[in-house]
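Residue numbers (numbering that gives the first Met the number 0), protein chains in the order written: chain U, 0 to 580; chain Z, 0 to 190.
Just so it is clear, CB atoms sit at the ideal spot from N, CA and C, and this is done for glycine as well.
Data first, discussion second: the structure below is written as structure tokens.
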Amino acid sequence: MKQLLLGNHAVARGAYEAGCAFVSSYPGTPSTEVTEYISQFSEVYSEWAPNEKVAMEAALGASIGGARSLTAMKHVGLNVAADPLFTASYTGVNGGMVIVVADDPGMHSSQNEQDSRHYAIGAKLLMLEPSDSKECLEFTKAAFELSEKFDTPVFLRLSTRISHSQSKVELSPWQQVALREYTKNPAKYVMMPGNAKGRHVVVEERQQKLAAWSEYCDLNQITWGDRSIGIITSGAAYQYAKEALPNASFLKLGVVNPLPSRLITEFARQVETLYVIEELDPVIEQHCKALGLAVKGKECFSLLGEYSQRTIAKGILGKEAQSVSLSEPLPVRPPAMCPGCPHRGMFYTLHKMGLTVFGDIGCYTLGATPPLSAMDTTVCMGASISAMHGFQKARGQESAGKSVAVIGDSTFIHSGITGLIDITYNKGISTVIVSDNSITGMTGHQDNPTTGKTITGEPTYQVSIEAVCQAAGVKRVTVVDPNDLPRLEQVLTTELAIAEPSVIITRRPCILLKGVQKHPPYRIDKDQCKGCRACMKLGCPAIVWGADKKAAIDSTLCVGCDLCTQMCAFGAIHPQEEKQA
Amino acid sequence: MSKGKNIMIVGVGGQGTLLASRVLGNLLVEEGWDVKVSEVHGMSQRGGSVVTYVKYGESVASPVIEQGEADYILAFELLEAARFLPYLKTDGTLIASTQKIAPMPVITGASPYPENLEEKIVATGCDAKLLDVLSLAQQAGSPKAANVVLLGVLSKQMDIAQERWLAVLERTVPPKFIELNKKAFALGRAL
Chain U
0 MKQLLLGNHA VARGAYEAGC AFVSSYPGTP STEVTEYISQ FSEVYSEWAP NEKVAMEAAL
60 GASIGGARSL TAMKHVGLNV AADPLFTASY TGVNGGMVIV VADDPGMHSS QNEQDSRHYA
120 IGAKLLMLEP SDSKECLEFT KAAFELSEKF DTPVFLRLST RISHSQSKVE LSPWQQVALR
180 EYTKNPAKYV MMPGNAKGRH VVVEERQQKL AAWSEYCDLN QITWGDRSIG IITSGAAYQY
240 AKEALPNASF LKLGVVNPLP SRLITEFARQ VETLYVIEEL DPVIEQHCKA LGLAVKGKEC
300 FSLLGEYSQR TIAKGILGKE AQSVSLSEPL PVRPPAMCPG CPHRGMFYTL HKMGLTVFGD
360 IGCYTLGATP PLSAMDTTVC MGASISAMHG FQKARGQESA GKSVAVIGDS TFIHSGITGL
420 IDITYNKGIS TVIVSDNSIT GMTGHQDNPT TGKTITGEPT YQVSIEAVCQ AAGVKRVTVV
480 DPNDLPRLEQ VLTTELAIAE PSVIITRRPC ILLKGVQKHP PYRIDKDQCK GCRACMKLGC
540 PAIVWGADKK AAIDSTLCVG CDLCTQMCAF GAIHPQEEKQ A
Chain Z
0 MSKGKNIMIV GVGGQGTLLA SRVLGNLLVE EGWDVKVSEV HGMSQRGGSV VTYVKYGESV
60 ASPVIEQGEA DYILAFELLE AARFLPYLKT DGTLIASTQK IAPMPVITGA SPYPENLEEK
120 IVATGCDAKL LDVLSLAQQA GSPKAANVVL LGVLSKQMDI AQERWLAVLE RTVPPKFIEL
180 NKKAFALGRA L
């Protein structure tokens with residue numbers, strides 16, 4: 000029986016059915032659900048690793064040990080894992096190894112729009128790209144087979160739309176795959192120059208074999224239709240093109256590296272106008288042009304963002320949509336920190352103190368948005384601490400008293416620790432805030448080494464952020480409740496004034512976390528409210544400004560965190576059940 | 000794509016749009032259609048404007064719905080209904096809750112919540128059903144059941160038996176909320 004499955008779940012199901020025995024990943028939208036879903040299968044060992052580099056190395060180790068292994072990450076996670084990636088191409092595998100990478104065209108939840116196909120080209124690896132959940136499942140299974148056949152890690156490239164769309168799949172049972180024998184083989188697995196030179200030859204030979212194979216494999220498919228328009232495409236773009244131009248001729252590529260030159264040339268010869276439709280960079284288009292083919296690509300379609308059937312209909316047919324709309328501009332609705340979010344009080348305080356704030360990647364990046372507006376930079380995982388260090392060294396000691404880094408608990412473990420060591424080792428005097436909400440929040444509540452639980456919820460060793468900071472050489476480590484605004488400000492003032500490295504851990508669990516107590520909603524007494532807008536400075540979605548020029552609390556949203564009562568100088572905000580005297 | 004329909008579910012992150020799309024998606028699969036459901040995860044979910052696409056037909060290619068392509072828009076919030084109105088087919092139907100949730104620019108005072116939105120939506124001439132869904136959800140037992148009230152309203156528009164809807168609903172929501180959700184569905188369907 001066919002059922003609806005999320006693309007990411009279909010990848011997980013494919014890995015399970017293929018007898019994958021080891022999965023290690025770090026969460027990252029839009030890839031997270033691959034590993035989350037796999038963790039439900041008791042036949043497969045799965046784990047959250049501290050970061051993508053560790054995850055990929057662990058997956059490679061499992062593969063060398065003879066197991067089928069998988070690691071899943073978002074596009075920018077692959078940057079972190081790039082070091083083992085390029086050399087894993089040289090070592091090859093023992094058990095099949097699949098690297099799932101999910102791009103984010105349109106940047107639904109990312110800091111850039113990089114195209115991970117460049118990594119497949121750079122590392123000389125086979126890359127498959129499914130276009131729906133059915134293919135997610137089938138291609139994942141094929142990827143394990145191909146990995147073992149060609150002795151190479153194999154990429155499975157997803158995009159947000161493929162990862163987070165549900166479509167029909169047919170399930171098959173779990174297949175047990177025996178652990179392959181491990182034989183010591185330094186020439187293959189010890190990549191020092193003498194051995195690596197030999198392996199580079201193997202990589203180039205493998206490239207030739209893969210290119211020859213991709214010409215005839217059934218993952219690439221031609222569907223002949225009207226030959227006046229021929230379209231070469233892959234992934235989500237295929238589905239958009241198919242909907243916009245159902246009668247055109249298609250070469251749908253399931254293998255996006257190496258590209259099948261002969262097949263592409265044959266297809267091009269038999270159509271009048273050749274289009275390449277690919278999101279992000281013109282990878283296929285440039286390949287076609289290098290083959291000397293006349294092709295239309297980025298001259299019709301954007302380098303930016305996500306495509307749709309409409310952008311394609313417009314690019315090829317010049318067709319515009321018919322629709323109704325309101326004539327006036329509407330206010331935007333950007334994401335915001337939740338009511339009761341423990342990050343709010345911290346960012347309010349940083350804004351109030353006028354500090355330069357080096358931010359990081361997580362829900363708390365929303366601290367950059369108005370009215371909190373308390374962030375000066377956000378670059379990548381871990382960059383808060385190290386960028387602040389560079390900034391302070393460049394601008395002198397005085398700047399250290401006016402700037403802080405803010406990093407979450409999971410991000411700190413991911414890649415903040417090395418930045419902290421840069422500070423202590425190089426005589427920095429910076430103040431770092433580790434905003435510990437006891438979970439990896441933005442990606443949807445995954446456990447991490449500081450939560451004391453594994454991916455399956457089993458209790459495990461809980462890494463102490465305090466102890467890590469102390470071991471890195473930070474003598475001044477203070478833990479503060481970020482909802483205690485006076486104490487937070489006092490601790491910040493103290494630590495910024497002192498000429499040595501310090502860490503402030505603002506500790507309060509994510510309000511959405513299961514088991515975190517919510518309180519009855521608060522209300523604002525209209526007679527006591529003077530309309531001073533002090534509570535509005537928190538940017539809490541539950542506090543609204545009324546037509547009567549007074550604040551009001553939306554009782555369906557308020558969780559009674561008590562932050563706003565600390566803002567009100569007139570005592571106008573009360574717990575709902577508290578009767579007025 | 001014959002006989003199929005495009006349904007958009009729009010609202011504010013945290014309003015339960017994902018549950019509505021899952022009920023709808025599973026139901027349509029059981030009815031024998033090809034179905035694609037496209038969701039929003041990650042950062043946008045944090046109180047931002049969220050949209051889910053549900054498409055069904057004999058064969059569905061693209062998982063997304065574009066401007067002028069939606070047969071139905073199920074809106075959980077009034078401003079979001081207005082925002083996504085251009086996605087409605089000229090002969091499509093908008094089913095919207097009149098609930099208002101202030102977005103951050105309104106909260107900070109950078110811009111007002113648009114006035115008379117209901118009248119303005121009706122004035123576009125589209126087929127709009129603007130309903131006090133929140134009161135019905137509260138009547139059913141929880142404001143969180145607004146999503147299921149809206150499904151009840153939608154169910155009257157579609158050619159699928161009520162028992163089929165209820166069967167899927169029962170399998171999708173946690174056991175302790177089944178009665179509440181059945182009540183919410185019935186209230187929506189009775190509108």
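**Report entry** Test: N115(Z) CB closer than 8 Å to a CB of chain U
**Finding:** Here the question's residue 115(Z) lines up with position 116 in the second sequence. With a threshold of 8 Å between beta carbons, N115(Z) makes no contact with chain U.
Query - Residues bridged to D126(Z) [DSSP beta-bridge criterion] - result: Here the question's residue 126(Z) lines up with position 127 in the second sequence. D126(Z) pairs with T92(Z).
Requested in this report: Could you tell me which chain Z residues have their CB closer than 8 Å to the CB of I542(U), listed as they occur along the chain?
Outcome: The count along the first sequence starts at 1 and reaches residue 542(U) at position 543. Those are I106, listed as they occur along chain Z.
Query raised in the report: Relative to chain Z, which residues along the segment 87-110 of chain U have a C-beta separation below 8 Å, given in chain order?
Result: Flagged, chain order: H107, S108.
Report task. Pull out every residue of the segment 163-177 of chain U whose Cβ sits closer than 7 Å to any Cβ of chain Z, in chain order. Result -> Within the segment 163-177 of chain U, the qualifying residues are H163, S164, Q165, S166, K167.
Query - Three-state secondary structure (DSSP) of A81(Z) - result: Taking the second sequence and counting its residues from 1, one reaches residue 81(Z) at position 82. Three-state result, A81(Z): helix.
Query raised in the report: Just how far apart, CA to CA, sit V479(U) and Q489(U)?
Result: Counting from one through the first sequence, the residue named residue 479(U) turns up at place 480. Counting from one through the first sequence, the residue named residue 489(U) turns up at place 490. Their backbone Cα atoms lie some 10 Å apart in a straight line.
Query raised in the report: Can you list, in chain order, the residues of its chain whose CB lies under 8 Å from that of K143(Z), leaving out five sequence neighbours each side?
Result: Translated into the one-based positions of the second sequence, residue 143(Z) becomes position 144. Within the same chain, K143(Z) has close Cβ partners G15, A136.
Query - Interface residues of chain U facing A81(Z) [CB-CB closer than 7 Å] - result: As a working note, residue 81(Z) is residue 82 in the second sequence. Listed by position along chain U, the residues whose Cβ is nearer than 7 Å to that of A81(Z) are L325, L329.
Query raised in the report: Around the Cβ of G395(U), are there at least 16 other Cβ atoms within 10 angstroms (buried) or fewer (exposed)?
Result: Working through the first sequence from its first residue, we reach residue 395(U) at position 396. Residue environment analysis places G395(U) among the exposed positions, since fewer than 16 neighbouring C-beta atoms fall within 10 angstroms of its C-beta.
Query raised in the report: Cβ of C216(U) versus every heavy atom of the ligand MG: is any distance shorter than 7 Å?
Result: Annotation note on the ligand MG: not contained in the displayed structure, which lists no ligands.
**Report entry** Neighbour-count burial assignment, R163(Z), 16 or more Cβ in a 10 Å radius
**Finding:** Locating residue 163(Z) in the second sequence gives position 164, counting from the first residue. Exposed: under 16 other Cβ atoms inside 10 Å.
Query raised in the report: By Cβ distance, which residues of its chain are closer than 7 Å to C567(U), with the 5 residues on each side in sequence left out?
Result: Within the first sequence, the letter at position 568 stands for residue 567(U). For C567(U), same chain residues with a beta-carbon under 7 Å away, outside a window of 5 residues either side, are A533, C534 in chain order.
Query raised in the report: If you pair each beta-carbon of the segment 62-70 of chain Z with each one of the segment 88-99 of chain Z, do three or more pairs fall below 8 Å?
Result: In short, these stretches touch, since the Cβ pair count reaches three.
Report task. Take C362(U) and list the residues in its own chain whose beta-carbon comes closer than 6 Å to its own, dropping the five residues that flank it on each side. Result -> Within the first sequence, residue 362(U) is the residue found at index 363, counting from 1. G440, M441, listed in sequence order.
Report task. Identify the continuous beta strand (DSSP E) that holds N256(U) and give its terminal residues. Result -> Translated into positions along the first sequence, residue 256(U) becomes position 257. Where N256(U) is concerned, the enclosing beta strand (DSSP E) stretches over 254-256.
**Report entry** Residue environment, S248(U), which counts as buried when at least 16 other CB atoms sit within 10 Å
**Finding:** For the purposes of this step, residue 248(U) is taken as residue 249 along the first sequence, with counting starting at 1. The residue is buried, with at least 16 neighbouring Cβ atoms inside 10 Å.
Requested in this report: Could you confirm whether any beta carbon from chain U is found closer than 8 Å to the beta carbon of D70(Z)?
Outcome: Numbered from its first residue, the second sequence carries residue 70(Z) at position 71. For D70(Z), the closest Cβ of chain U is not nearer than 8 Å.
**Report entry** Within-8 Å CB hit, L26(Z) to chain U
**Finding:** Residue mapping note: residue 26(Z) aligns to position 27 of the second sequence, counting from 1. Chain U contact via Cβ: absent.
Report task. Determine the chain Z residues that contact M336(U) at a beta-carbon separation under 9 Å, and present them in chain order. Result -> Within the first sequence, residue 336(U) is the residue found at index 337, counting from 1. When 9 Å is used as the limit between beta carbons, M336(U) is near these residues of chain Z: R45, G46, in chain order.
Query raised in the report: What is the rounded straight-line gap between the Cα of V11(Z) and the Cα of V49(Z)?
Result: Against the second sequence, residue 11(Z) aligns to sequence position 12. Against the second sequence, residue 49(Z) aligns to sequence position 50. If you take the alpha carbons of V11(Z) and V49(Z), they lie about 6 Å apart.
**Report entry** Against chain Z: residues of the segment 120-145 of chain U by CB proximity under 7 Å
**Finding:** Of all residues in the segment 120-145 of chain U, none has a C-beta nearer than 7 Å to a C-beta of chain Z.
**Report entry** Contact set between R522(U) and chain Z, taken where Cβ atoms lie within less than 8 Å
**Finding:** The count along the first sequence starts at 1 and reaches residue 522(U) at position 523. Those within 8 Å of R522(U) in chain Z number zero; the least Cβ separation is about 16 Å.
Query raised in the report: Per DSSP, which one or two residues make a beta bridge with W47(U)?
Result: One-based indexing of the first sequence puts residue 47(U) at position 48. Paired residues: S24(U).
Query raised in the report: Are any of the Cβ atoms in chain Z nearer than 8 Å to that of F363(U)?
Result: Residue 363(U) sits at position 364 when you count from the first residue of the first sequence. Note that residue 363(U) is Tyr in the sequence shown, not Phe. Not closer than 8 Å to any Cβ of chain Z, the Cβ of Y363(U) fails to qualify, so no.
Query - Residue-chain proximity (S134(Z), chain U), Cβ-Cβ < 8 Å - result: What you label residue 134(Z) is simply residue 135 of the second sequence in a count that begins at 1. Not an interface residue.
Query raised in the report: In chain Z, which residues lie less than 9 Å from Q2(U) when you measure between Cβ atoms?
Result: One-based indexing of the first sequence puts residue 2(U) at position 3. Ordered by position in chain Z, the residues that pass the 9 Å Cβ test against Q2(U) are N25, V28.
Requested in this report: Give a yes or no on whether the C-beta atoms belonging to T618(U) and K208(U) are separated by under 8 Å.
Outcome: Nothing about residue 618(U) can be reported from this structure: the residues present for chain U run from 0 to 580 only.
**Report entry** Nearest-angstrom Cα separation, counted from G47(Z) out to R332(U)
**Finding:** What you label residue 332(U) is simply residue 333 of the first sequence in a count that begins at 1. What you label residue 47(Z) is simply residue 48 of the second sequence in a count that begins at 1. Cα-Cα distance, rounded: 5 Å.
Report task. Can you grab the Cα-Cα spacing for the pair S20(Z) / P29(U), in whole Å? Result -> As a position in the second sequence, residue 20(Z) is number 21, starting the count at 1. As a position in the first sequence, residue 29(U) is number 30, starting the count at 1. The C-alpha of S20(Z) lies about 19 Å from the C-alpha of P29(U).
**Report entry** Contacts of A95(Z) in chain U (Cβ-Cβ under 9 Å)
**Finding:** Taking the second sequence and counting its residues from 1, one reaches residue 95(Z) at position 96. The contacting residues do not exist; A95(Z) stays about 13 Å from chain U at best.
Query raised in the report: How long is the line joining the alpha carbons of E56(U) and I98(U), rounded to whole angstroms?
Result: Working through the first sequence from its first residue, we reach residue 56(U) at position 57. Working through the first sequence from its first residue, we reach residue 98(U) at position 99. Straight through space, the alpha carbons of I98(U) and E56(U) are spaced by roughly 11 Å.
**Report entry** Collapsed DSSP secondary structure at P330(U) in the structure displayed
**Finding:** As a working note, residue 330(U) is residue 331 in the first sequence. DSSP places P330(U) in coil when its eight states are reduced to three.
Report task. Identify, in the order they occur along the chain, each residue of the same chain with its Cβ nearer than 6 Å to the Cβ of D114(U), setting aside the five sequence neighbours on each side. Result -> Mapped onto the first sequence, residue 114(U) falls at position 115. When the five nearest sequence neighbours on each side are left out, the beta carbons in the same chain lying within less than 6 Å of the beta carbon of D114(U) are those of L279, D280, in order along the chain.
Query raised in the report: Quick one: Cα of Q156(Z) to Cα of A189(Z), how far?
Result: Walking along the second sequence from the start, residue 156(Z) turns up at place 157. Walking along the second sequence from the start, residue 189(Z) turns up at place 190. Between Q156(Z) and A189(Z), the alpha-carbon positions lie close to 12 Å from each other.
Report task. For E38(Z), return the contacting residues in chain U, with the cut-off set at a CB-CB distance below 8 Å. Result -> Here residue 38(Z) refers to the residue found at position 39 of the second sequence. Result: L5, H163, S164, Q165.
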